[in-house]
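Novice: My questions all concern the structure below.
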Amino acid sequence: MTHKSPKDFFRPLAVGAPAPLREIPARPSRAIHFFDPSNEKMAAKIPAMVGTVDVLLGNLEDAVKADNKEAARHGLVKIAQETDFGPTQLWTRINSLDSPWVLDDLTTLVPAIGDKLDVIMVPKVQGAEDIHYVDRLLAQLEAKAGLTRPILIHAILETARGVANVEEICGASPRMQGLSLGPADLAADRKMKTTRVGGGHPGYLVRQDPPRDDSGASVIDAPRSVFQQDLWHYTIAKMVDACATHGIYPYYGPFGDIADVVACEDQFRNAFLLGCVGTWSLHPKQIAIANRVFSPSVEDVAHARRVVAAMGDGTGAVMLDGKMEDDASLKQCLVMVELAEKLASIDPELKAAYDAIEVGA
Ligand code: GLV
Ligand code: MG
Numbered sequence: 005m006t007h008k009s010p011k012d013f014f015r016p017l018a019v020g021a022p023a024p025l026r027e028i029p030a031r032p033s034r035a036i037h038f039f040d041p042s043n044e045k046m047a048a049k050i051p052a053m054v055g056t057v058d059v060l061l062g063n064l065e066d067a068v069k070a071d072n073k074e075a076a077r078h079g080l081v082k083i084a085q086e087t088d089f090g091p092t093q094l095w096t097r098i099n100s101l102d103s104p105w106v107l108d109d110l111t112t113l114v115p116a117i118g119d120k121l122d123v124i125m126v127p128k129v130q131g132a133e134d135i136h137y138v139d140r141l142l143a144q145l146e147a148k149a150g151l152t153r154p155i156l157i158h159a160i161l162e163t164a165r166g167v168a169n170v171e172e173i174c175g176a177s178p179r180m181q182g183l184s185l186g187p188a189d190l191a192a193d194r195k196m197k198t199t200r201v202g203g204g205h206p207g208y209l210v211r212q213d214p215p216r217d218d219s220g221a222s223v224i225d226a227p228r229s230v231f232q233q234d235l236w237h238y239t240i241a242k243m244v245d246a247c248a249t250h251g252i253y254p255y256y257g258p259f260g261d262i263a264d265v266v267a268c269e270d271q272f273r274n275a276f277l278l279g280c281v282g283t284w285s286l287h288p289k290q291i292a293i294a295n296r297v298f299s300p301s302v303e304d305v306a307h308a309r310r311v312v313a314a315m316g317d318g319t320g321a322v323m324l325d326g327k328m329e330d331d332a333s334l335k336q337c338l339v340m341v342e343l344a345e346k347l348a349s350i351d352p353e354l355k356a357a358y359d360a361i362e363v364g365a
C-alpha cells in the first residue's frame with residue numbers, strides 16, 4: 005500500500021473545508037461537565053454555568069434514553085444558539101458510529117452550531133478507520149456550512165480493540181484533540197468483573213506477607229494489611245504515552261459514585277499525576293474536585309519556580325534542600341509552571357493564589 009504523504013495530512017478533506025490545525029491548543033479543560041440536553045431542568049441551568057467550568061458537554065449518547073435522542077439533539081442546538089459561551093468550551097458526545105442516530109447527530113449539529121462546537125467526542129472508537137470516517141464527514145459538512153475553523157475530535161477509549169489500537173487512533177487525523185478513558189464500557193468489553201463506573205475495587209489488592217511464628221512458619225491467618233490497587237493504571241498509562249507521542253491530551257473519564265467525593269478525588273489525582281489534563285464531571289460537585297485536582301498546588305508551583313530560578317540557563321546541577329536538580333528536573337518543573345500560568349489566565353482565584361507565592365519562598 006502507498007501511504008498518504010505527510011504533507012497531505014494538512015490539506016482539508018473536502019474542498020472549501022477549513023485547513024487542519026498543526027498544533028492542538030492546550031486550552032484548560034480540567035472538568036468536562038456532562039449534561040443531557042433533553043432534560044429541560046438540566047438544560048435550563050447551562051447558561052448560568054458558563055465561566056464556572058472549563059468545558060460544557062451536551063451528551064447525546066449513553067445515559068440519554070432512546071426515546072429522547074432527537075430531543076437531546078435539538079435541545080443542544082437550541083442551547084448552543086441561545087448561549088454565549090465566553091471562555092467556556094462547548095463539546096458534544098455523539099452517538100456511537102454503529103447506531104442509527106449518529107448520522108443525524110452530525111448532519112444536524114455541524115450546520116446548525118458548528119461555529120460554536122469546539123470538540124466532538126466519539127464513543128467506542130475501535131481503530132483509525134472510525135476516526136477517518138468522522139474526519140471526512142466533518143470536512144464535507146464544514147465545507148457545506150462555510151465554517152472557518154475545524155471541529156476537533158476526541159475519542160473515548162472504551163473497547164479492548166481501541167486500547168490495542170490507541171496509537172493509530174491518536175495519529176489518525178490532525179483533528180485528534182485527545183482521549184478519555186471509558187471505564188464502564190471498557191470493563192464490559194474486556195469482560196472485567198467490576199460493575200463499578202470507574203474507581204478502585206476492594207477485591208483488586210495486594211496483601212502484606214504473613215508474619216512468621218517462633219519456628220519460622222508463616223502464620224497465614226494472622227491479620228495482614230491489604231493495599232487496594234488501581235484497576236485503571238495500565239490503561240491510563242498507555243493512553244498518556246499515546247497522547248504525548250501525538251501532541252494531544254489525555255483525560256480520565258466518569259467516576260460513577262457521586263457520593264464518594266474522597267475516592268473520586270483520589271482517582272482524579274492519580275490521573276493528574278500520571279499526565280492527564282482533566283476528567284469528566286457527572287455532577288456539579290465533581291467540577292470543584294476536578295478544578296482543584298487538575299490545577300498544580302501552590303506548594304508545587306512554589307517549588308517549581310524556585311528550581312527554575314536556581315537553574316539559571318537550565319544546564320548543570322544544583323542542590324536545593326538536599327535534593328539534586330538538573331536539566332531534566334528543570335523540565336519537570338517547567339511542566340508545572342507552564343500549566344499554572346495557563347490556568348491562572350482563566351481562573352482569577354488560582355491566579356491570586358499563585359501570585360501570592362513569595363519569590364525565594
Ligand atoms: C464512558 O462512556 C464509559 O463507558 O465509561
Ligand atoms: Mg461509554
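In our numbering, the protein residues as written are 5 to 365. Positions of the beta carbon are idealized from the N, C-alpha and C atoms, including for glycine.
According to DSSP, Pro254 sits in a beta bridge with which residue or residues?
Specialist: In the DSSP output, where bridge partners are listed per residue, Pro254 has Leu183.
Novice: Applying the 10 Å Cβ sphere with the 16-neighbour rule, what's the burial state of Asp189?
Specialist: It counts as buried.
Novice: Please report the distance separating the alpha-carbon of Ala176 from that of Ser42.
Specialist: Going from the Cα of Ala176 to the Cα of Ser42 covers about 32 Å.
Novice: I'd like to know whether the C-beta atoms of Pro300 and Leu343 end up nearer to each other than 8 Å.
Specialist: Yes; because the gap between Cβ atoms is below 8 Å, this pair is in contact.
Novice: Near His136, which residues of its chain fall below 8 Å by C-beta distance, leaving aside the five closest residues on each side in sequence?
Specialist: These residues qualify, in order along the chain: Ala176 and Ser177.
Novice: Taking 7 Å as the cut-off, is the C-beta of Ala294 nearer than that to any heavy atom in ligand 1?
Specialist: Checking the Cβ of Ala294 against ligand 1 gives no.
Novice: Assign Arg228 to buried or exposed, taking buried as 16 or more other Cβ atoms, counted over all protein chains shown, within 10 Å of its Cβ.
Specialist: It counts as exposed.
Novice: Look at the alpha carbon of Ile117 and the alpha carbon of Cys280, and state the distance between them as a whole number of angstroms.
Specialist: Distance between the alpha carbons of Ile117 and Cys280 is about 29 Å.
Novice: Please state the DSSP three-state secondary structure of Gln232.
Specialist: In this structure, Gln232 counts as strand in the three-state DSSP scheme.
Novice: Can you find the residues in the same chain that come closer than 8 Å, C-beta to C-beta, to Val201, ignoring five residues on each side of it along the sequence?
Specialist: For Val201, where only same-chain residues beyond five positions count, the Cβ hits under 8 Å are Pro187, Ala188, Pro258, Phe259, Gly260 and Asp261.
Novice: State yes or no: is the C-beta of His37 within less than 8 Å of the C-beta of Ile291?
Specialist: Their beta carbons are under 8 Å apart, which means His37 touches Ile291 by this criterion.
Novice: Asp40 by DSSP, collapsed to three states: which one?
Specialist: Three-state result, Asp40: coil.
Novice: Taking a contact to mean a Cβ-Cβ separation below 8 Å, would you say Leu235 touches Gly204 in this structure?
Specialist: Cβ distance < 8 Å, so Leu235 and Gly204 count as in contact.
Novice: Within its chain, find whatever has a CB closer than 6 Å to the CB of Glu345; leave out the 5 residues flanking it on each side and keep chain order.
Specialist: Excluding sequence neighbours, Glu345 sits near nothing in its chain.
Novice: When you compare only the Cα positions, how much space is there between Val114 and Ala147?
Specialist: Each residue's Cα considered, the two are about 10 Å apart.
Novice: Taking Pro91 and Leu347 to be in contact with their CB atoms under 8 Å, please state how far apart those CB atoms are, rounded to whole angstroms.
Specialist: The Cβ separation is near 12 Å, so there is no contact.
Novice: With distances taken from each beta carbon to the nearest heavy atom of ligand 1, which residues come in below 7 Å, in chain order?
Specialist: Chain-ordered list of matching residues: Asp66, Pro127, Ile160, Glu162, Gly186, Pro187, Ala188, Asp189, Leu190, Val201, Gly202, Gly257 and Pro258.
Novice: I need the straight-line Cα distance from Arg140 to Ser184, nearest angstrom please.
Specialist: Cα-Cα distance, rounded: 22 Å.
Novice: Roughly how many angstroms lie between the CA atoms of Thr152 and Asp325, to the nearest whole one?
Specialist: The alpha-carbon atoms of Thr152 and Asp325 are separated by roughly 52 Å.
Novice: Taking DSSP as the reference, what is the three-state secondary structure of Ala18?
Specialist: In this structure, Ala18 counts as coil in the three-state DSSP scheme.
Novice: In terms of residue numbering, what span does the alpha helix (DSSP H) encompassing Thr283 cover?
Specialist: Where Thr283 is concerned, there is no enclosing alpha helix (DSSP H), although the beta strand (DSSP E) it sits in stretches over Thr283 to Ser285.
Novice: Find out if the Cβ-Cβ distance for the pair Asp154, Leu286 is shorter than 8 Å.
Specialist: Residue identity differs from the one stated: residue 154 is Pro in this sequence, not Asp. Contact: no.
Novice: Whose C-beta lies closer than 7 Å to the C-beta of Pro97 among residues of the same chain, with five residues either side of it excluded?
Specialist: As written in the sequence, residue 97 is Arg, which differs from the Pro given in the question. So the qualifying residues of the chain are Leu61, Asn63, Leu64, Glu65, Met125 and Pro127.
Novice: On the DSSP bridge list, what partners appear for Gly62?
Specialist: Its beta-bridge partners are Phe39 and Thr96.
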